[in-house]
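Here the structure comes first, spelled out in structure tokens, and everything after it is commentary.
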Amino acid sequence: MSNIISQLQLEFSELIEDVKVKNLFNGHGIFHQDIMFALHQNGSIYIKAEGDLVSYLEKLGAVAYAINHDSMKKLALYNYYQLPNSIRRNKEKFKEILILAIKQAKAKKLSDELSKKERIKELANFSIKHERLLAKVNIYTVTEYRKLGAYHSFIRLKKLGIPANIDLLWTFIAALKNKHVSLLSEEEKKKKLIKLNDLLESNGLRKMKM
Numbered sequence: 001m002s003n004i005i006s007q008l009q010l011e012f013s014e015l016i017e018d019v020k021v022k023n024l025f026n027g028h029g030i031f032h033q034d035i036m037f038a039l040h041q042n043g044s045i046y047i048k049a050e051g052d053l054v055s056y057l058e059k060l061g062a063v064a065y066a067i068n069h070d071s072m073k074k075l076a077l078y079n080y081y082q083l084p085n086s087i088r089r090n091k092e093k094f095k096e097i098l099i100l101a102i103k104q105a106k107a108k109k110l111s112d113e114l115s116k117k118e119r120i121k122e123l124a125n126f127s128i129k130h131e132r133l134l135a136k137v138n139i140y141t142v143t144e145y146r147k148l149g150a151y152h153s154f155i156r157l158k159k160l161g162i163p164a165n166i167d168l169l170w171t172f173i174a175a176l177k178n179k180h181v182s183l184l185s186e187e188e189k190k191k192k193l194i195k196l197n198d199l200l201e202s203n204g205l206r207k208m209k210m
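Here is the structure:
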């Protein structure tokens, strides 16, 4: 472990538990439970922040990270704010800021994970192609898709004249069962085709065959 990492580890550990410092190509990442919330570079500390936390940091004299090239953009360093050294020396204030940054970073990670779970393409058998297809009939999330169901989602597509063959129905049904489409038995398909055709007929649409 380098001297800089050891010093940073000691500095942050005195204020926050479960902190790890890792080498980055452009400095050192400061992590709490594997969530990066701060960056050390050229002797300065940059805090990750969005929204209200940004306003608070700026009032304390923090300055946005200066982005000079594309690699920094890829690391989303535009969300990092350089703390004045006076804040870093004020252990009580520094600790308060670290706690706020960690809390926000955790909330952001949870929000991103929940958002990902709501993506249509994350369902079994689905891809971005299915996500875009269902968006054409105003189905944008997993919750909306589950609520409407495979049959009615399929019928919406048919009503709009969007090509939808029987294999697509099997894919829709298997996605809700969270299993690969190939695992649907022929007996299951026959029963589900009967239900589909009843719904198609009641919606004035032509029946389908296996």
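Residue numbering for the sequence shown is 1 to 210, as defined by full-length UniProt numbering. Built from N, CA and C at the ideal position, the CB exists for glycine as well.
Exercise for the section: In angstroms with no decimal places, state the Cα-to-Cα distance between Val-19 and Phe-25. Expected result: 19 Å
Problem - Exposed unless 16 or more other CB atoms sit within 10 angstroms - verdict on Leu-8 - result: buried
Problem - Alpha-carbon spacing of Lys-74 relative to Asn-42, whole angstroms - result: Its pLDDT being 44, under 50, Lys-74 is placed unreliably in this model, and the value from its coordinates should be taken loosely. Those two C-alpha atoms are separated by around 20 Å.
Handout entry: Exposure label - Ser-153; buried when at least 16 CB within 10 Å
Key = buried
Problem - Bridge partner(s) assigned by DSSP for His-32 - result: Val-19 and Ile-35
Handout entry: Interface flag, Pro-163 vs chain D, CB-CB below 8 Å
Key = Protein chain content of the structure displayed is limited to a single chain, and chain D is not contained in it.
Practice task
Give the secondary structure of Asn-68 by DSSP, where H, G and I count as helix, E and B as strand, and everything else as coil.
Solution key: Note that Asn-68 has pLDDT 47, beneath the 50 cutoff, so the model's placement of it is unreliable and no number is given.
Exercise for the section: State the start and end residues of the unbroken beta strand (DSSP E) segment that holds Ile-47. Expected result: 44-48
Handout entry: Close-in-space but distant-in-sequence residues of the same chain around Ser-44 (CB under 7 Å, 5 per side omitted)
Key = Gln-82
Practice task
Sort Glu-50, Ala-150 and Tyr-80 by Cα distance to Leu-196 and report the nearest one.
Solution key: Ala-150
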